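Structure first, then comments.
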Amino acid sequence: MKIKAILLMSSIFFPIVLFASTATCPLANGINVLTTQRILNICKHGTVIKTFKIALGYKGVGKKQAGDNKTPIGLYGLAYPRKSTQFKVFIPILYPTSKQLAAGYTGRDVGIHGPTQSFSWFSWLNHLPSATRGCIAVGKNNYIEYVANWVKANPGAKVLIV
């Protein structure tokens, strides 16, 4: 009986899976951060090429001022990745935009980064639902290296945080 129910449910939802790319890649070519699902998708031509679980600001999303510990929402450019003793690699997000600055938004040093390096035995914290001070964190060094290499290979890359 359970198997029949599972088959019925999967046949009902299967067509949704066929059209899921717009939901997972609203930015067809770039990095998509889906905050409610806590995932980062790297997309090419509307197709997910890599997915990572992420941590966000511990006060949620909707950053408007410096120090609010929230992750910003919107479309942003990405600066060139740089080495970080604290996070292995840090990819600066160009926040706030000029429009956000005009609206009074403040803040800096928002980016995508790897797990904390100073206490490697605490890197599991990056897997918690909201474990940063406003940044987007992936949980392993090889994950942030993958994202950084993708950004380096795609100059002018953008991130859409929704």
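Per mature numbering (1 follows the signal peptide of the UniProt record, and there is no 0), the sequence shown runs over residues -20 to -1, 1 to 142.
Even for Gly, the Cβ is constructed at its ideal location relative to N, Cα and C.
This structure is a prediction, so every number in the text was calculated from the model and none was measured.
Worksheet entry | Straight-line Cα distance separating Pro61 from Asn134 | As a position in the sequence shown, residue 134 is number 154, starting the count at 1. As a position in the sequence shown, residue 61 is number 81, starting the count at 1. Spanning the two alpha carbons is a distance of roughly 12 angstroms.
Worksheet item: From Pro52 to Gln80, what does the alpha carbon distance come to, in whole angstroms?
Response: By one-based count along the sequence shown, residue 52 stands at place 72. By one-based count along the sequence shown, residue 80 stands at place 100. When rounded, the distance between both Cα atoms is 10 angstroms.
Worksheet item: Cβ atoms of Val69 and Ala128: under 8 angstroms apart, would you say?
Response: Numbered from 1 along the sequence shown, position 148 holds the residue referred to as residue 128. Numbered from 1 along the sequence shown, position 89 holds the residue referred to as residue 69. For Ala128 and Val69, yes; Cβs fall inside 8 angstroms.
Worksheet entry | Nearest-angstrom beta carbon gap, Lys50 and Gly42 [assumed within contact, 8 angstroms] | In the sequence shown, residue 42 corresponds to position 62, counting from 1. In the sequence shown, residue 50 corresponds to position 70, counting from 1. Yes, Gly42 and Lys50 are in contact; Cβ-Cβ is about 5 angstroms, under 8 angstroms.
Worksheet entry | Reference Gly26; option with closest CA among Ile19, Thr4, Lys39 and Arg18 | As a working note, residue 26 is residue 46 in the sequence shown. Comparing Cα-Cα distances from Gly26 to each of Ile19, Thr4, Lys39 and Arg18, the minimum goes to Thr4.
Worksheet item: In or out: Asn122 buried (at least 16 other Cβ within 10 Å) or exposed?
Response: Position 142 of the sequence shown, counted from the first residue, corresponds to residue 122. So Asn122 ends up on the exposed side.
Worksheet item: Can the beta-carbon of Ile124 be found closer than 8 angstroms to that of Val118?
Response: Translated into the one-based positions of the sequence shown, residue 124 becomes position 144. Translated into the one-based positions of the sequence shown, residue 118 becomes position 138. Yes. Within cutoff.
Discussion item. Buried or exposed, going by whether 16 or more other CB atoms sit within 10 Å of the CB of Thr112?
Written reply: Working through the sequence shown from its first residue, we reach residue 112 at position 132. When all chains shown are included, Thr112 counts as buried.
Worksheet item: Whole-angstrom Cβ separation of Cys115 and Gly87, contact assumed at under 8 angstroms?
Response: Residue numbering aside, residue 115 sits at position 135 when the sequence shown is read from its first letter. Residue numbering aside, residue 87 sits at position 107 when the sequence shown is read from its first letter. Between Gly87 and Cys115 the Cβ distance is about 11 angstroms, and since that is not below 8 angstroms, they are no contact.
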